[in-house]
Amino acid sequence: MNLKERNMNVNINAVSDSEVGLAGTNQESSSLTETLFGADTLSIRQRVEASRSTFLNSTDATDDMPIENIRDKFMALDIPSQGSNVDAYLDKLDQDVLPHCSHLASPRYMGHMTSPIPSFLPEIGRLVQTLNQNVVKMETSRSLTFLERQVIGMLHREIFRFDHEFYQSHLQSISEALGIFTSGGTLANIGALWTAWRRAQDRHPAQMQQSVGTLNKPVIIGSELLHYSFDKGAHLLGAHLHKVPVNDRFQIDLDALREAIEQFRQAGQPIICIVAIAGTTDYGSVDDLRAICELAHDVEAHVHVDAAWGGGLILSERNRSLLDGIELADTVTIDGHKQLMLPLGCGLLFFRDPTFSQATVHHAPYAVRATSYDQGRFTLEGSRPVNALYLHAALHIIGKQGYDDLYTESLGRARYMAQAIDARAEFELIAPPSMNILAYRYIPQAYRGKPLDEQDNNHISQFNIALQKAQRQKGDSFVSRTFRPIKRYQNQSLALLRAVLLNPLTKHDDIDFLLNDQIQIARSLEAAG
């Protein structure tokens with residue numbers, strides 16, 4: 216009897232006589248089991264592939280159905296009493312769901328930090344789902360626990376560049392970890408803050424004890440462009456989050472940072488973490504990582520680099536210099552589902568010193584044991600899929616040279632778009648690209664070539680909000696928008712258009728199309744008053 220037959224036998228025979236009323240007869244249970252676990256998967260795959268191809272072949276950035284109409288398709292709450300066949304379910308998806316998904320792979324979708332994924336990864340995804348391993352513990356993942364540790368070590372070495380002996384000693388150590396997988400950058404950043412908090416408790420127990428629950432809370436310091444995950448993390452820990460202004464290159468102002476450090480030291484508030492950003496969400500700007508790490512170490516503060524966006528550039532010899540100093544950080548966040556082009560759900564947190572992983576260790580007698588290789592000891596999350604397999608596949612199939620080529624082309628697209636914006640009188644480029652994100656805005660005809668006051672800028676902001684909404688509704692191209700203070704306008708907050716130039720399928724013609732699309736929409740808005 217093979218494994219599949221044995222599992223079917225267990226499922227069928229597990230229905231006792233008293234359960235017949237719920238499960239029907241054993242014959243009916245056998246039929247259901249066969250339907251669920253013995254179906255013709257080839258025909259299902261072919262049917263899914265047809266739906267997938269239809270979606271991927273769409274060139275629009277979004278569909279033009281009003282969001283309220285989409286919402287109204289999902290108001291029914293009744294669970295079907297009888298299941299349907301797969302074809303009927305897929306027909307429903309084809310009609311109500313897939314046409315109204317965001318076309319993130321479209322070369323003219325340049326609005327958010329999500330790339331199309333390489334064509335081999337959905338096939339790896341089928342393997343991930345079929346294996347259904349849970350890497351919280353060895354007993355539910357075995358070899359894939361070691362694979363996850365290995366692939367974390369591969370990137371750890373690219374970040375911190377320790378010697379061969381270091382990795383031979385720590386890579387598969389039973390008592391510590393070089394890093395952890397998370398479901399995304401938010402949990403990775405919160406995990407870094409938790410680690411910093413516990414380290415501060417170990418190093419300065421009296422000061423931390425006196426600060427907790429008082430007005431002089433322990434402090435986390437970063438720039439005003441910090442990701443919102445740090446607001447969440449500070450709130451969860453009961454810490455004070457202090458945000459420092461940025462300079463005209465949208466990097467943290469180092470003088471203001473020094474002043475803040477001295478202010479909190481004088482007040483007796485422990486600084487548990489200083490955060491540097493390698494790729495801000497709004498501009499792609501990179502803080503002076505080396506200077507910030509040195510400042511943090513001088514005051515014995517944990518230093519974390521949020522490289523959720525820019526961290527992938529550690530694999531690019533031509534562009535790694537943008538991350539100079541990252542190797543000095545205590546912890547680093549990288550999102551695999553951003554510039555590493557993996558499926559969503561691939562966040563990573565790295566520990567420069569693997570003993571930092573012990574700061575947040577927890578055990579359970581039935582699962583994550585102290586004397587095991589269980590990764591769940593070190594993670595905020597419990598059960599996790601083996602998303603490490605996506606990263607493992609990408610590093611082997613794309614390779615460092617492949618990533619280097621992709622990043623170099625991506626940064627080149629950002630430079631091309633910046634030049635195209637500068638060449639058009641209709642637009643104002645807010646800053647040259649630091650990486651591959653651009654912020655700019657449309658200037659209506661009435662405001663061009665003149666000094667702009669606060670009221671002018673308010674009108675221009677309202678116009679850009681309307682422009683972005685109209686472009687999204689039209690659906691032929693897409694950028695997102697943000698709202699940030701700009702130094703050249705006396706720190707007045709402005710609505711800005713935001714383009715992300717990650718997609719390898721985006722060509723110069725697509726960039727020109729998008730800008731011309733915006734100009735045409737804007738002219739229509741101007742004509743309508």
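Numbering-wise (our numbering), the sequence shown opens with residue 216 and increments by one.
We put the beta carbon where it would ideally sit given N, CA and C, even for glycine.
Residue from the options with nearest C-alpha to residue i
i: M745; options: E515, D302, V501, I736; result: Missing from the structure shown is residue 745; the chain here goes from 216 to 744 and no further.
i: P295; options: F252, K288, Y304; result: Y304
i: L563; options: A522, N679, G453, D724; result: A522
i: I701; options: P719, N673, Q686; result: N673
i: R480; options: G499, I492, D513, N462; result: D513
i: I492; options: A449, F445, S531, N534; result: F445
i: V715; options: K689, G627, I675; result: G627
i: I436; options: E354, V520, H371, T586; result: V520
i: Q554; options: G298, M632, D619, H385; result: D619
i: D550; options: S299, T329, F252, N272; result: T329
i: I374; options: G499, G525, Y605; result: G525
i: D671; options: A710, H385, K684; result: A710
i: F693; options: Y324, F252, D255; result: Y324
i: R364; options: S438, V576, G394, R341; result: G394
i: L717; options: D497, T575, I652; result: I652
i: F678; options: S317, G744, Q616, Y631; result: G744
i: G368; options: H607, Q634, R696; result: H607
i: F377; options: A574, R567, G591, N300; result: R567
DSSP three-state assignment for residue i, whether helix, strand or coil
i: D732; result: helix
i: T256; result: helix
i: L458; result: At residue 458 the sequence reads Lys, which differs from the Leu that was named. Correct three-state label for K458: strand.
i: Y618; result: helix
i: A276; result: coil
i: L521; result: Note that residue 521 is Asp in the sequence shown, not Leu. Three-state result, D521: strand.
i: E741; result: helix
i: I726; result: helix
i: S708; result: strand
i: G526; result: helix
i: A238; result: Here A238 scores only 41 on pLDDT, less than 50, and its place in the model should not be relied on; the value that follows carries that caveat. Looking at A238 - three-state DSSP - the assignment turns out to be helix.
i: I701; result: strand
i: Y382; result: helix
i: Y662; result: helix
i: R535; result: helix
i: A421; result: helix
i: R696; result: strand
i: T495; result: coil
i: A511; result: helix
i: Y324; result: strand
i: I636; result: helix
i: G394; result: strand
Span of the beta strand (DSSP E), counted from its first residue to its last, around residue i
i: Q573; result: Run containing Q573: none; DSSP gives neither H nor E here.
i: L563; result: 562 to 566
i: I489; result: 486 to 492
i: D550; result: 546 to 550
i: F479; result: From DSSP, F479 is part of no beta strand (DSSP E) but of the alpha helix (DSSP H) over 469 to 481.
i: I436; result: 434 to 438
i: T345; result: Looking at the DSSP string, T345 is not in any beta strand (DSSP E); the run it does join, the alpha helix (DSSP H), is 335 to 346.
Element boundaries [alpha helix (DSSP H), containing residue i]
i: I367; result: 358 to 375
i: Y657; result: Taken as a continuous stretch (DSSP letters only), Y657 belongs to no alpha helix (DSSP H), being part of the beta strand (DSSP E) at 652 to 657.
i: Q310; result: 301 to 311
i: E669; result: 669 to 689
i: T401; result: 400 to 418
i: G453; result: G453 -> no alpha helix (DSSP H), and no H or E assigned at all.
i: L644; result: Run containing L644: none in the alpha helix (DSSP H); it sits in the beta strand (DSSP E), 642 to 644.
i: I285; result: 282 to 287
Cβ neighbour criterion (16 or more within 10 Å) applied to residue i
i: C561; result: buried
i: L237; result: With a pLDDT of only 40 at L237, under the threshold of 50, the placement of this residue in the model should not be trusted, and no figure is reported.
i: T546; result: buried
i: P433; result: buried
i: Y443; result: exposed
i: T756; result: Because the chain is modelled from 216 through 744, residue 756 falls outside the range shown and cannot be assessed.
i: D311; result: exposed
i: T721; result: buried
i: T594; result: buried
i: M556; result: buried
i: T345; result: exposed
i: Q484; result: buried
i: L251; result: exposed
i: I736; result: buried
i: D589; result: buried
i: T256; result: exposed
i: D302; result: exposed
Check: Any contact of the region 504 to 514 with the region 533 to 545, i.e. 3+ C-beta pairs under 8 Å?
Finding: yes
Margin query: Does the region 603 to 613 come into contact with the region 697 to 713, if we say contact requires no fewer than three beta-carbon pairs (one atom in each stretch) closer than 8 Å?
Written below: no
Margin query: Would you call the region 461 to 476 in contact with the region 411 to 420, where contact means no fewer than 3 C-beta pairs closer than 8 Å?
Written below: no
Check: Do the region 641 to 648 and the region 396 to 409 make contact, defined as three or more Cβ pairs closer than 8 Å?
Finding: no
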